[in-house]
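> Mind looking over this structure? Questions follow.
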Amino acid sequence: MKVIVSPAARDYIKSEIAYLKLRSPSAAVQLSEDLKRLKRDLGRFSQMGHFTEELPVPGIRRFVMGAYLIDYEIRADAILIFAIRHGRERPPILPPDEDFDFEQS
């Protein structure tokens, strides 16, 4: 299955790799390689992540890759990686989904 990386996730990756290049070039290379491998593996095994109550959106999965948390959604035609962050960073504050019926879940 095709794996798509959202613009926000892509920006985070670029920023994180630039940060790592200054401090540990080998860590930057390793992160880049790990993300390429993850993208390939997600395309083959889309359900390798787990559901978590930390995510306020139903159907979203999280995969833990070393110190990084990758949040993604399995869609009909592709997998969308929409968020990546280091586990020590604060989680993003997501606005509630006004269309989601909490009584139905």
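Per the numbering used here, the very first residue in the sequence shown carries number -7; after that it's consecutive. Every residue, glycine too, gets a C-beta built ideally from N, C-alpha and C.
Go ahead and pull the three-state DSSP assignment for residue 63.
Note: residue 63 maps to strand in three-state DSSP.
> Checking 8 Å against the spacing of the C-beta atoms, do residue 1 and residue 75 come in under that value?
Closer than 8 Å, so yes.
> Should residue 7 go down as buried or exposed, given a rule of 16 or more other Cβ atoms within 10 Å for buried?
So residue 7 ends up on the exposed side.
> Among 53, -4, 62 and 39, which residue has its Cα nearest to the Cα of residue 26?
The shortest C-alpha separation from residue 26 is found at 62.
> Tell me whether residue 49 sits in a helix, a strand or coil according to DSSP, three-state version.
Three-state result, residue 49: coil.
> Go to residue 77, then tell me how far its beta strand (DSSP E) extends in each direction, as first and last residue.
Residue 77 -> beta strand (DSSP E) spans 70 to 78.
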